[in-house]
Structure formats: structure tokens, C-alpha cells
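Numbering (our numbering), first residue to last: 194 to 579.
What follows is a single structure, written as C-alpha cells, with notes after it.
Below you can see the structure in the form of C-alpha cells.
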């Protein structure tokens, strides 16, 4: 192993973040609430064009509060894409509800509208759908929102990976009744850790803020009529977010350039296919991923090992939730059928499982130099004998 470490997607700081944080220290607003929190909420809501926002400790907290506010509880079914990070579906279990996993479709790698429609055949009384915009690529929102509307089911948008992406000119996170964003350290902008819940309904964000601050009733003494959570974003981290938000579109442009660079570099290698973009969207290209053609002798592990040998970070594609041991009792739906209807030991071939088996995430750090990218590309091409 040699040379500097090239990261998958590390934070990129500028200078405005320090100014906002310094202001918090200078005014002694280091407690959980303060001007940076209020302004970050307003500035992000204004940027994506939605009415209201609540700054929280994580995107996971935002999903959890969304489910709480919608009254999702024991025995309720929530449809969730299988190809996602576990944070999308863990909050369903927090509320003792039942996640049912929906397969992907090949065109965007996101929730398959065909499989979602089929899921309603078996679970007509499902209470919510959580859609994810995987790796920053917009899901097929026209079809999915229409299905939810027809079945009178609430749509929650997990836009943790897609802040800045637009679908037909409208920002992801603003299509559902509730949208969520993440500002984890590897996201397109970061607060070091944090999230945001957004909605056009002010009552929803007010309820989220109330629950996120331990559900303290408006009394002089400490009084609680509901169970609350310590989910509020701090004024210091919100200051980082305000500085980062100023550079969101710049970061998006750089991420898109990385994707375009890989696409050009690998266009002559027919065994490689990059993660698809939505032709109806302007995707933020948070992470550029690739799959290897079925039957090719090269494996994702070989590519990742070759890069790691040169101190270059990669990551496998998210392992689908229906293949996770913790969710082995949950149902999984493809366009063809239901996991639970199969005889013991038999499985369904799935798009999500196939993407996981043949794919990996390529280094997508916007600080990568031209030389860094040439090195990465050269190593990958070498694995394929080019």
C-alpha cells in the first residue's frame, strides 16, 4: 500500500462554516437551540422550495419522527425498498410496525413501481411507502406518487442521498407528505452528523420539533404528556450546515463531473456499466457506482482489492434488506411474486440482489485531483486488462 489515502466521499469544508460556528461561540449559543438552527431550517427549506423544516440529529431520526407523526404502529405494514441502507427501514421496527421490502427496477436501481403495485395485492391496507433516491438518482416519482395516491397511502421520501437532485425541475424530498435529508460526513453536504425533516404542512414540522425536544409540554415545570426524543440538531452543527449549504450546487456540479469522467473512461469496456441516471431528473451523482457484466471473470472484490492495495477507498453496493439476517422474517416483493409464498429454501431472483452481487461504489470525493482520478481509472482498467 502506498501514497496518500483517496477516499470514497469525505467532507469538503470551505470557510463559511467556521464563521457561523464562531458566531455561535461568540454569542454563547452552543446549546441545542439557537439562531443557526432556525436559519438553517429556513435556508434549506427555501433552497428546495418547501414550506417548513425541522433540523434534527440524523436522517434516521427524521424517518423515525415521520412514522411517529403519521401514527404508524404495531402491526402496520410499511413498504420500503430493499436496496437501501438499513437506516431507511430500522425506524419502522422502532415503532413495532412491519417492513415489507420492494425490489428495484433496472432503469434507476430504485423502488420498482411494478413490484410496489403487486405488493398492494397482498397488503392492501399498508399504511405508508418510503421511497429512496439511491446514490442520488431520482426514483420514478410519477408512477410511485400515482400508486400511493390511488391506494390512499402516505408517501415518505428518503432523500438522504439525493439532496440537490431534481425530478422534472422539482427537488427530491418535496414530493411526499414528508421528506428527509441527511448531513452525515460522507453526504454531498455535511454538518458532521445531522438530518432534516421537511413538509409543506407546518403542523408536521412543529410536531417533529416538539417530539425531538423530549416532548416537553408548555408548562413552567417539566411536564410530559407524550414520549419524546433527544433528536434536535445543535446550534453549532447547524452553523456548519449553513456554511455547507452555500456550496451545495458547486458540490453537485463536481459530483456530476466525476460521474462523467468515469463514464468516458470506461466507455470502451463493455463489461462495465455505471449506475443509471434518471432521464427525467437532474441527479446529484452523490456516489458513482459500477456493475460488472454477468459472466465476466472479473469480480467486484477484485476491483476493490486492487484499489485498496493502492490506498484507495471503495465500498460494496448496499446489501439488500431482504438478504439481511435481521430481516429474514420479512416479506420481499418483486414484479413476479412474494418471498413469503415460496417453499422453504427457495428464493426469487431479484434486481436488487443482482446489483449487489455485481456492483461496487467508486471513489467519488470532490477533492480528488486529476491525477487521483487518472490513478483510480488506470487501476480499474488494469483489472480488466485494458
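All C-beta atoms, glycine included, are put in the ideal place defined by N, C-alpha and C.
- When the beta-carbon positions are compared, residue 553 and residue 481 stay at least 7 Å from each other.
- Note on geometry: alpha-carbon atoms of residue 240 and residue 467 lie some 29 Å from one another.
- Bounds of the alpha helix (DSSP H) holding residue 253 are 252-262.
- Membership of residue 501 in the alpha helix (DSSP H) is indicated by the continuous run 493-501.
- The beta carbons of residue 300 and residue 275 sit about 16 Å from each other, so the pair does not count as a contact at 8 Å.
- Residues of the same chain with a CB within less than 6 Å of the CB of residue 558, apart from the 5 flanking positions on each side, are 200, 202 and 203 in chain order.
- With contacts defined by Cβ atoms closer than 7 Å, residue 357 and residue 438 do not form a contacting pair.
- A contact between stretches requires three or more CB pairs, one per stretch, nearer than 8 Å, and the stretch 276-292 fails this requirement with the stretch 401-413.
- With respect to the 7 Å criterion, residue 384 and residue 434 are classified as neighbours on the basis of their beta carbons.
- Distance between residue 462 and residue 368, taken at the CA atoms: about 37 Å.
- Annotation: residue 518 is outside any alpha helix (DSSP H) and is labelled neither H nor E by DSSP.
- By the beta-carbon neighbour count (other beta carbons within 10 angstroms, threshold 16), residue 322 is buried.
- About 24 Å separates the CB atoms of residue 517 and residue 250; that is not less than 8 Å, and the two are not in contact.
- Here residue 317 carries a coil assignment [DSSP, helix/strand/coil].
- Under DSSP, residue 360 forms a beta bridge with 363 and 474.
- Taking all protein chains shown into account, residue 533 has fewer than 16 neighbouring C-beta atoms within 10 Å of its C-beta and is therefore exposed.
- In the three-state reduction of the DSSP assignment, residue 306 falls in the helix class.
- A distance below 6 Å between beta-carbons, with the five flanking residues on each side excluded, links residue 478 to the following residues of its chain, in chain order: 329, 448, 449 and 452.
- A distance below 7 Å separates the beta carbons of residue 257 and residue 284.
- The Cβ atoms of residue 436 and residue 213 lie closer than 7 Å to each other.
- The DSSP-derived three-state label of residue 525 is strand.
- In summary, residue 335 is exposed, with fewer than 16 beta-carbon neighbours lying within 10 Å of its beta-carbon over all protein chains present.
- Within its own chain, the residues whose Cβ lies closer than 6 Å to the Cβ of residue 431, once the five positions on either side in sequence are excluded, are 229, 230, 233 and 248, listed in chain order.
- In this model, residue 414 and residue 398 are separated by some 24 Å (Cα to Cα).
- By the CB criterion at 7 Å, residue 332 and residue 270 fall outside the cutoff.
- If you compare the alpha carbons of 546, 491, 362 and 303 with that of residue 473, the shortest gap goes to 362.
- For residue 198, the CB contacts under 6 Å within the same chain, skipping 5 residues up- and downstream, are 504 in chain order.
- Counting along the chain, no alpha helix (DSSP H) covers residue 467; the unbroken beta strand (DSSP E) around it starts and ends at 465-467.
- When secondary structure is reduced to three states using DSSP, residue 278 falls in the coil class, being assigned neither helix nor strand.
- When 396, 208, 426 and 391 are compared, the shortest CA-CA separation from residue 407 is found for 426.
- Around the Cβ of residue 342, a 10 Å sphere holds fewer than 16 other Cβ atoms; the residue is exposed.
- With 16 or more neighbouring CB atoms inside 10 Å of its own CB, residue 373 falls in the buried class.
- Listed in chain order, the non-local C-beta contacts of residue 424 below 6 Å within the same chain comprise 249, 250, 254 and 405, local neighbours out to five positions each way being set aside.
- Secondary structure at residue 389: strand, using DSSP grouped into helix, strand and coil.
- When rounded, the separation of the alpha-carbon atoms in residue 444 and residue 315 is 42 Å.
- Nearest in C-alpha terms to residue 311, of all of 529, 348 and 347, is 529.
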